[in-house]
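All residue numbers for the sequence shown refer to this note's numbering, where the first residue is 1 and numbers rise by one. Heads up, the thing below is written out as structure tokens.
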Amino acid sequence: MSTYAHPDVLVDTEWVADHLDDDVRLVEANEDVLLYDTGHIPGAVKVDWHTELQDPVQRDFIDEEAFAQLCESKGIGPDTTVVFYGDKNNWWACYAFWVFRLYGHESLRVMDGGRKKWKAEDRPLTTDAPDLPTVSYPVPEAPDLSIRAFRGEVLAHQQQDGPMVDVRSPEEFRGEITHLPGLPEESSMRGGHIPGARNVPWSNAVDDDDGTFKPREALEELYQQREGLSPNDPTIAYCRIGERSSHTWFVLKYLLGFDQVKNYDGSWTEWGNLVGMPIEKGEAEAATPAQ
């Protein structure tokens, strides 16, 4: 981990096991929202991505007051160190991390390898609910938009040939399918990708065997040498609804040091349903490796 640009945001399973009794709040965020109840790390709380992180009416994340209430309900104070982990190689854990960072919570970590690695090492799980402290969380100020992109900004970025990375599957990128298998309700009117985007599926950044992030050298080869992305350029990541791209945002920002990377959480369900937006189908053009 020490070779990453910001290694302090990652902890391994051994670190978590050694700090179970410390003033650390473990947060499990899964795609499968029922998974937590089958067994979780002792002391961990559950954050449900679609009922607790999303606004119940409009398509957006929760507002400032709801965020403060969420933290208080999970025993999280403004100075609490929060460690996220989950299924799908920390797919939704990185999204939860992104939302907490939007609202300025400072002490955030991700457990490398997530549930997959913890279970593979036969570490303890429990179905017991944690005993949470009573805490107060001040309502934060407006979210930090330096890490979030909106459609108008994305369109201007695209028209200026700004670098973008589409982290969906190759089939989604090429426009062969308009939704993930089994999720037709999250489809879009048009298939394809934003012109000029590079296609690097989010899962390429992790080790298939244990779910941990690949070494920095392998990530540099993947994003920089192969796809021509540069840590010096403003970069936008997107997917379907912003969850997979938050994983890639985390990789680019914290592991590779892309200080100007943003997550476009409107992503393809917004772009592919808007009238008149530029769309391409098929493979991306050959990339020029970053210098």
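Built from N, CA and C at the ideal position, the CB exists for glycine as well.
G86 and T13 look like a contact to me (Cβ under 8 Å); what is the Cβ gap, rounded to whole Å? Taking C-beta atoms under 8 Å as the contact rule, G86 and T13 fail to qualify, at a distance of about 13 Å.
By a C-beta neighbour count over all protein chains shown, 10 Å radius and 16 as the cutoff for buried, is D169 buried or exposed? For clarity, residue 169 is Ser in the given sequence; the question names Asp instead. Buried: at least 16 other Cβ atoms inside 10 Å.
Boundaries of the alpha helix (DSSP H) in which A237 is found, first to last residue: A237 -> not in any alpha helix (DSSP H); beta strand (DSSP E) instead, spanning 235-238.
Since R123 is in the alpha helix (DSSP H), which residue starts that stretch and which ends it? Careful: R123 lies outside any alpha helix (DSSP H) and carries neither H nor E.
Helix, strand or coil: how does DSSP classify E172 here? Shown here, E172 sits in a helix according to DSSP, grouped into three states.
Measure how close the beta-carbons of E196 and D233 come, nearest whole angstrom, since I'm counting them as under 8 Å. It should be pointed out that residue 196 corresponds to Gly in this sequence rather than to Glu. Not a contact, Cβ separation roughly 13 Å.
Quick check: the Cα distance between G104 and A29, rounded to an integer number of angstroms? The straight-line gap from Cα to Cα measures roughly 19 Å.
Straight-line CA distance for S146 to T127? If I take the Cα positions, the gap works out to 38 Å.
Over the uninterrupted beta strand (DSSP E) stretch that includes R109, give me the two end residues. That run of the beta strand (DSSP E) goes 108-111.
Suppose the cutoff is 7 Å on Cβ atoms and the five residues either side in sequence are ignored; what does the same chain contact list for K117 look like? The beta carbon of K117 is closer than 7 Å to those of T13, D210, G211, T212 in its chain, skipping five residues each way along the sequence.
By Cβ distance below 8 Å, which residues in the same chain neighbour D259 in space, the five residues on each side in sequence not counted? Excluding positions up to five away in sequence, the list reads P231, K253.
For E283, which of helix, strand or coil comes out of DSSP? DSSP places E283 in coil when its eight states are reduced to three.
Return yes when the Cβ of D265 is within less than 8 Å of the Cβ of R148, no when it is not. It is a contact, given that the beta carbons lie within the stated cut-off.
Just curious, the alpha helix (DSSP H) that T269 is in, first and last residue? Residues 267-271.
What is the rounded straight-line gap between the Cα of N199 and the Cα of A237? Their Cα atoms are separated by approximately 10 Å.
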